[in-house]
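Peer 1:
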Amino acid sequence: MTLVPVDKTSMGHHLLSFPVVSDIRGKLSVIEDGTGLPFHVQRVYYLYDVPENSRRGGHAHLQLQQLLIAISGAFSVEATSTDSSYCYRLADPTQALYIGPGTWRELHSFTANAVCLVLASRQYEESDYIRSWDEFKNLLAGHK
Ligand code: TYD
């Protein structure tokens, strides 16, 4: 199964759609051996039990690519890259938000049952994080 672009908001962040196998028993989406994904998945993690007033993220990455999926519940993602800034509301397990390198992200407004599944292109490396907004803005300015 191949993910298809929904609305290419920008190079740095946009929605992709998973095909769905649906019948009266419910729905199923599959990721099999990475087929159809925009990168090779090296890491999977998930956020859960996030308090409603909590904010996650608040950083960008130098090289990491990620796909965020609202497996359950809903949450918002504000994404800022060189070409655009956009606030997504993820609430549909058939959609994945692609976040590329050089994209600042803030996750907030989680519902009580929200689970955010993250597929990542690289293993965890603290050296890949840009955690300072000023440093991020300087990096963007350097790319214009
Ligand atoms: P962080 O990426 O800052 O969380 P978020 O962006 O969701 O707010 O990570 C929070 C902590 O978890 C940090 O101390 C590093 C650790 N961590 C790992 O050990 N491995 C991982 O794969 C991730 C994503 C985080």
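Going by the working numbering, the first residue of the sequence shown is number 6, and it counts up by one from there. C-beta atoms are modelled at their ideal positions from N, C-alpha and C, and glycine is treated no differently. Remember, predicted model here, so these are calculated numbers, not experimental data.
1. Rounded to the nearest angstrom, how far is the Cβ of Gly-63 from that of Ser-86, given a contact under 8 angstroms?
2. Would you check if the region 41 to 51 and the region 81 to 95 touch, i.e. whether three or more CB-CB distances between them fall below 8 angstroms?
3. If you follow the alpha helix (DSSP H) that Glu-140 is part of, which residue opens it and which one closes it?
4. Can you list, in chain order, the residues of its chain with a C-beta nearer than 7 angstroms to that of Ala-75? Leave out the 5 residues immediately preceding and following it.
5. How about His-113 and Ser-81: are their beta carbons less than 7 angstroms apart?
6. Just tell me which of Gln-100, Leu-67, Asp-28 has its CA closest to the CA of Ser-132.
7. I'd like to confirm something about Arg-30: is its beta-carbon nearer than 6 angstroms to some heavy atom of ligand 1, or not?
8. Whole angstroms is fine: what's the gap from Asn-58's alpha carbon to Ala-79's?
9. Closer than 6 angstroms: is that where the CB of Arg-61 sits relative to any heavy atom of ligand 1?
10. Answer yes or no: the CB of Tyr-50 versus the heavy atoms of ligand 1, is any distance below 6 angstroms?
11. By the three-class DSSP mapping on this structure, what secondary structure does Glu-83 have?
12. On a Cα-Cα basis, can you pick out the residue from Leu-52, Arg-61, Arg-136, Ala-65 that is closest to Val-123?
13. Tell me whether Ile-29 is buried or exposed, calling it buried when 16 or more other Cβ atoms sit within 10 Å of its Cβ.
14. Can you tell which of Val-49, Leu-20, Phe-23, Val-35 has the C-alpha that lies nearest to the C-alpha of Arg-127?
15. Just the Cα atoms here: how many angstroms apart are Asp-54 and Arg-110?
Peer 2: Concretely, from the data shown:
1. At roughly 15 angstroms, the Cβ-Cβ gap does not stay under 8 angstroms, so Gly-63 and Ser-86 are not in contact.
2. Contact between the region 81 to 95 and the region 41 to 51 is absent, because fewer than three Cβ pairs lie under 8 angstroms.
3. 138 to 148 is the extent of the alpha helix (DSSP H) around Glu-140.
4. The residues Leu-95, Ala-96, Asp-97, Pro-98, Ala-119, Cys-121, in chain order, have a CB closer than 7 angstroms to that of Ala-75 in the same chain once the five nearest residues on each side in sequence are set aside.
5. For His-113 and Ser-81, yes; Cβs fall inside 7 angstroms.
6. Looking only at Gln-100, Leu-67, Asp-28, the smallest Cα-Cα distance to Ser-132 is reached by Leu-67.
7. For ligand 1, not one heavy atom lies less than 6 angstroms from the Cβ of Arg-30.
8. Taking the straight line from one Cα to the other gives about 13 angstroms.
9. Yes, since a heavy atom of ligand 1 falls inside the 6 angstroms radius drawn around the Cβ of Arg-61.
10. At least one heavy atom of ligand 1 is nearer than 6 angstroms to the Cβ of Tyr-50, so yes.
11. Strand, per DSSP.
12. Of the candidates Leu-52, Arg-61, Arg-136, Ala-65, the one whose C-alpha sits nearest the C-alpha of Val-123 is Leu-52.
13. Exposed: under 16 other Cβ atoms inside 10 Å.
14. Nearest option by C-alpha distance: Val-49.
15. Distance from the CA of Asp-54 to the CA of Arg-110, rounded to the nearest whole angstrom, comes to 19 angstroms.
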